[in-house]
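Student: Per the numbering used here, the very first residue in the sequence shown carries number 1; after that it's consecutive.
First the structure, then my questions, so here it is.
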Amino acid sequence: METILVKGPIFMKVRGECEILGVKFKNTFIVYKNNKYLPIEKSTDAIITLKKGKNYFNLEKNSKYGQDQIGTNIWEDIIECILNSNRKRIIIIGPSDTGKSTLTLFIANKLLNKRLSPLIIDSDIGQGELSPPTCIGSTILSKQTIDLASVNPHYVSFIGDIQPVGYESRIINCIKNSYDKLHKNNNITIVNTDGFVNNNENNYKIDLIKKIDPDCIICMRENDQTIDLFDSIREEFSGNLNIKIIQGQAPHKEIRKTSYDRRVKRLIKYSNLLKTFTKKVFISKHKIIAIYYQNSFLLSKRNTETEKINGIEPEDTIFKDLLNDRDFVRNRFVGLSLKEDYEKIIGFGILKEFNKGFFLMQSSINRFDNIFLSDIKLYNNSTRLFK
Ligand SMILES: Nc1ncnc2c1ncn2[C@@H]1O[C@H](COP(=O)(O)OP(=O)(O)O)[C@@H](O)[C@H]1O
Ligand SMILES: [Mg+2]
Numbered sequence: 001m002e003t004i005l006v007k008g009p010i011f012m013k014v015r016g017e018c019e020i021l022g023v024k025f026k027n028t029f030i031v032y033k034n035n036k037y038l039p040i041e042k043s044t045d046a047i048i049t050l051k052k053g054k055n056y057f058n059l060e061k062n063s064k065y066g067q068d069q070i071g072t073n074i075w076e077d078i079i080e081c082i083l084n085s086n087r088k089r090i091i092i093i094g095p096s097d098t099g100k101s102t103l104t105l106f107i108a109n110k111l112l113n114k115r116l117s118p119l120i121i122d123s124d125i126g127q128g129e130l131s132p133p134t135c136i137g138s139t140i141l142s143k144q145t146i147d148l149a150s151v152n153p154h155y156v157s158f159i160g161d162i163q164p165v166g167y168e169s170r171i172i173n174c175i176k177n178s179y180d181k182l183h184k185n186n187n188i189t190i191v192n193t194d195g196f197v198n199n200n201e202n203n204y205k206i207d208l209i210k211k212i213d214p215d216c217i218i219c220m221r222e223n224d225q226t227i228d229l230f231d232s233i234r235e236e237f238s239g240n241l242n243i244k245i246i247q248g249q250a251p252h253k254e255i256r257k258t259s260y261d262r263r264v265k266r267l268i269k270y271s272n273l274l275k276t277f278t279k280k281v282f283i284s285k286h287k288i289i290a291i292y293y294q295n296s297f298l299l300s301k302r303n304t305e306t307e308k309i310n311g312i313e314p315e316d317t318i319f320k321d322l323l324n325d326r327d328f329v330r331n332r333f334v335g336l337s338l339k340e341d342y343e344k345i346i347g348f349g350i351l352k353e354f355n356k357g358f359f360l361m362q363s364s365i366n367r368f369d370n371i372f373l374s375d376i377k378l379y380n381n382s383t384r385l386f387k
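Dropping the structure here:
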């Protein structure tokens, strides 16, 4: 077996057999739309042909990276541990680009191979695969895939920003809520986290671990990296015999997303989403039960008595003023939910105006009870986009 690396998006032809992130392919075509690197593990006689424009060329092994620095073989011990010791709740923690998302998918594919059912909670609000940025997407994966971004989420929660700072407890609660809503007894849950591992003093990952109560914590890092948070995790949890703490090896450090890649990725997510905003909605504020912004909910006065949302205290916050600020409102990215489960985002949109008590927005749905305001602005007509 040899591992070769390609960067998406690509279209390729496989002659012979190969395996990608735990998925086997034989004499077939593969379309990969994501802009990430993909490790292809193939037998020496298999031939992978890439199509670039009108040209085809054979993919050769790149000797720049050692075979022990790329591919899924660097995670063999992790898979063995998970499958052999029957782990039920796995959490993956580590800096950006240490392979958290790739490992998440690899584990899920391996579980599917064994007819086990993986529940993936993708809580990286900046670079999540399962939902647009600012959200947490979760899914019970039913079919192997090499691109999680092509999978529909079963539950989406709204945070509102692409960085976790200031949203820590909401993120923890949303992860737990997604777990409670989707989890069934036969699931093996994998929680993927964001790359914020600094600020060790009060990093919310420790609280997250306590809330999720995992039986396996995978700490991803490059071999020579020291990460204080991991020492704290060890200190806090290594005495608990039910929790297995595993060190996960990051792929070669040159295989990283540049900040440009990250922006492009968000851009692709949002521009795909914008295409779904086919509805022009004009809705009175009296039809809206709750409005969320930066951790708080504002409940409509009319509805507080009759349709009180469980667990939300009505708050008289400043965002009444915000809504009357045209610049604040215009082009703001929003999530939409129904009162039956106010935390479950079922559509998205962009606010255009709030005028005389009416919202004007472009959105993917026209029936909703609650509006979640984000810190992101989207501009329909440009690729210049946001922060
Ligand atoms: N085992 C691996 N072999 C080769 N490339 C990998 C491997 N794991 C991850 N990558 C690539 O490295 C980059 C960062 O990985 P990713 O899973 O997105 O990291 P994270 O989720 O920690 O930010 C991506 O381009 C990914 O495709
Ligand atoms: Mg990731």
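Just so it is clear, CB atoms sit at the ideal spot from N, CA and C, and this is done for glycine as well.
Because the structure is a prediction, the values reported are computed rather than measured.
With DSSP collapsed to three states, give me the class of residue 341.
Tutor: helix
Student: Whole alpha helix (DSSP H) runs in the stretch 221-274 with 4 or more residues, listed along the chain?
Tutor: 228-237, 259-274
Student: Taking Cβ to Cβ, would you say residue 42 is nearer than 8 Å to residue 18?
Tutor: In terms of Cβ geometry, residue 42 and residue 18 form a close pair [threshold 8 Å].
Student: Just the Cα atoms here: how many angstroms apart are residue 46 and residue 134?
Tutor: Residue 46 and residue 134 have their C-alpha atoms spaced approximately 41 Å apart.
Student: Roughly how many angstroms lie between the CA atoms of residue 242 and residue 354, to the nearest whole one?
Tutor: 52 Å
Student: In whole angstroms, give me the CA-to-CA distance for residue 27 and residue 117.
Tutor: 27 Å
Student: Look up residue 371 in the DSSP assignment and say whether it is helix, strand or coil.
Tutor: strand
Student: Excluding the 5 residues preceding and the 5 following residue 387 in the sequence, name in chain order all residues of the same chain whose CB lies nearer than 6 Å to its CB.
Tutor: Residue placement at residue 387 is poorly supported in this model, since its pLDDT is 41, which falls under 50; the coordinates still yield a value, given next. No residues qualify anywhere along the chain.
Student: Can you list, in chain order, the residues of its chain whose CB lies under 8 Å from that of residue 67, leaving out five sequence neighbours each side?
Tutor: Excluding residues up to 5 positions away in sequence, 2, 3, 73 lie with their Cβ nearer than 8 Å to the Cβ of residue 67 in the same chain.
Student: Nearest-angstrom Cα distance between residue 180 and residue 16?
Tutor: 43 Å
Student: If you measure between the beta carbons of residue 112 and residue 144, is that distance less than 8 Å?
Tutor: yes
Student: Output the boundary residues of the alpha helix (DSSP H) element that contains residue 101.
Tutor: 100-113
Student: Let me check understanding here. Comparing Cα to Cα, which of 325, 274, 358, 29 lies closest to residue 335?
Tutor: 274
Student: Look at the Cβ atom of residue 78, then the Cβ atom of residue 246, and state whether they are nearer than 8 Å.
Tutor: yes
Student: To the nearest angstrom, report how far apart residue 14 and residue 30 are at their CA atoms.
Tutor: 8 Å
Student: Residue 281 lies in the alpha helix (DSSP H); which residues open and close that run?
Tutor: Premise fails: residue 281 lies in the beta strand (DSSP E), 279-284, not in any alpha helix (DSSP H).
Student: Check whether the Cβ atoms of residue 119 and residue 75 sit closer than 8 Å, and answer yes or no.
Tutor: no
Student: If the criterion is Cβ atoms closer than 8 Å, does the pair residue 253 and residue 222 meet it?
Tutor: yes
Student: Along the chain, where does the beta strand (DSSP E) containing residue 37 start, and where does it finish?
Tutor: 37-42
Student: Looking at residue 261 and ligand 2, is the gap between the Cβ and the nearest heavy atom below 7 Å?
Tutor: no
Student: Mapping DSSP to helix, strand and coil, what is residue 151?
Tutor: coil
Student: Going by C-alpha to C-alpha distance, which of 226, 337, 168, 21 sits closest to residue 106?
Tutor: 21
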